[in-house]
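If you read the sequence shown in full-length UniProt numbering, its first letter stands for residue 1, the second for the next number, and so on.
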Amino acid sequence: MKNKKWLLGVPRALFYYYYGPWWETFFQALGVEVVVSPPTSKEIMDLGVSLAVAEACLPVKVYYGHAAWLAGQVDALFVPRLVSVEKKSFICPKLMGLPDMLRAALKPCPPIIDTTVNLARQPEEGLTAAVQGMARAFGIKGSRVDLAMAAAEARYHAWLVGQQQGDSMAAADCREEEPASGVYRYGSSQGKESRDALQIGVIGHGYLIYDQYLGMDIPGKVKRLGGKVILPENLTTLQVETACRQLPKRLYWTLGRKIMGAALHLMEQENVAGLIHLTAFGCGPDSLVGDLAERYARRRGKPFLLLTLDEHTGEAGLNTRLEAFMDMLYRRRSA
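This is the structure in structure tokens:
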């Protein structure tokens, strides 16, 4: 790929909602033109469902759709083989196998840059190897890689700070576009909210919460029902890890531990009226984390609503459950 301006496709799904700013900045600093698929739509979801195996969870099926949308428009797809993004923790096995699954499903399939990211044992060495592998795919090495990595790290950390401070644009999407309407500033008054609006914790994977079509805009619905939304990304790593110390055993799923830590932290806040856990049907780690979070919420008397999504979920039924939950919280407060 050396000495050519290449178009690199990045699916707007799954870990794009966690590392999109890093990936885009890094490749752009290397001189690679990055093309990100559009926000999830019915067409993209239907395309993914038609390509993926039935056993896959909905976010993985949607990823297929985004990859297929990009396939005929780019020179290569960036689909990293994510094994681990931190020490002694791991990512869902389905994400590890995504490159191979896409090669089997997409016909024809463009070249896939499937750099392995494994920081489980030696984080610094693992990150260096992954970064060099990404750049090597384009025939780039040396100081250009170091400069690109520094630029990516700077933008990524600024993005994280924005999320923790409740920046709606940073939390809703990784790109500098119009922010999604369903994600709001944590702890601040929005629109016609009253000062005594209920504070609701909405927990779950970022690729569910921040994908408005896939996640059915749950934060936006809570806002329109008079609530203030608190998201896992609004919390610091210290808050999450401190809360996780209550568990008898360390969760080795990175995202599962983040969700569980956010849930435990929010349960301890008296001003948080209740929790909503958004999950995807067929997600193995979520089946454990969701049940564990619900047990802790029950012990502490904190209202807890589990919303499970798949491609057959009807929005009307989900709205009814959400409205009933909010009504219950208002009655509970006034009792």
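All C-beta atoms in this analysis are idealised placements derived from N, C-alpha and C, irrespective of residue type, glycine included.
Candidates the options: closest to residue i by CA position
i: Glu24; options: Cys92, Val36, Ala13; result: Val36
i: Met101; options: Gly204, Gln212, Leu214, Ala52; result: Ala52
i: Ile200; options: Gln212, Asn234, Tyr207, Tyr213; result: Asn234
i: Tyr18; options: Ala137, Cys109, Thr254, Asp46; result: Thr254
i: Gln164; options: Pro285, Phe281, Ser84, Pro232; result: Pro232
i: Ala151; options: His205, Met96, Phe27, Gly97; result: Phe27
i: Gly133; options: Ile218, Val79, Gly220; result: Val79
i: Ser41; options: Glu270, Gly215, Arg331; result: Gly215
i: Pro99; options: Phe90, Glu86, Met328, Arg81; result: Arg81
Classification of residue i by the beta-carbon crowding that lies within 10 angstroms, buried from 16 upward
i: Thr242; result: exposed
i: Tyr252; result: exposed
i: Val161; result: exposed
i: Ser50; result: exposed
i: Met149; result: buried
i: Leu147; result: exposed
Residue i and residue j closer than 9 Å at C-beta
i: Leu322; j: Val222; result: yes
i: Tyr210; j: Ala263; result: no
i: Asp310; j: Cys92; result: no
i: Tyr213; j: Pro59; result: no
i: Val83; j: Val117; result: yes
i: Leu70; j: Pro111; result: no
i: Ala293; j: Ile259; result: yes
Pairwise C-alpha distance: residue j and residue i
i: Ala129; j: Leu198; result: 46 Å
i: Leu266; j: Lys88; result: 25 Å
i: Asp75; j: Lys107; result: 15 Å
i: Pro248; j: Lys302; result: 20 Å
i: Pro39; j: Ala335; result: 42 Å
i: Gly9; j: Leu30; result: 15 Å
i: Leu7; j: Gly72; result: 11 Å
i: Val240; j: Gln246; result: 11 Å
i: Val272; j: Arg333; result: 11 Å
i: Met45; j: Pro285; result: 22 Å
i: Ala13; j: Tyr63; result: 5 Å
i: Ala171; j: Ala158; result: Reliability fails at Ala171, whose pLDDT of 47 lies under 50, so the model's placement of it is uncertain and the value that follows must be treated cautiously. Cα to Cα, the separation comes out at about 12 Å.
i: Glu153; j: Arg331; result: 46 Å
For the region 250 to 308, list the beta strand (DSSP E) runs that are entirely contained and at least 3 residues long, ordered along the chain.
-> 272 to 280
Could you pull out every unbroken beta strand (DSSP E) segment of at least 3 residues lying fully inside the region 202 to 250, listed in chain order?
-> 227 to 230
Hey, which unbroken runs of the beta strand (DSSP E) at 3 residues or more fall wholly within the region 19 to 62?
-> Runs found: 33 to 36.
Kindly provide the ranges of any beta strand (DSSP E) runs that are 3 or more residues long and lie completely inside the region 59 to 123, ordered along the chain.
-> 76 to 78, 81 to 84, 116 to 118
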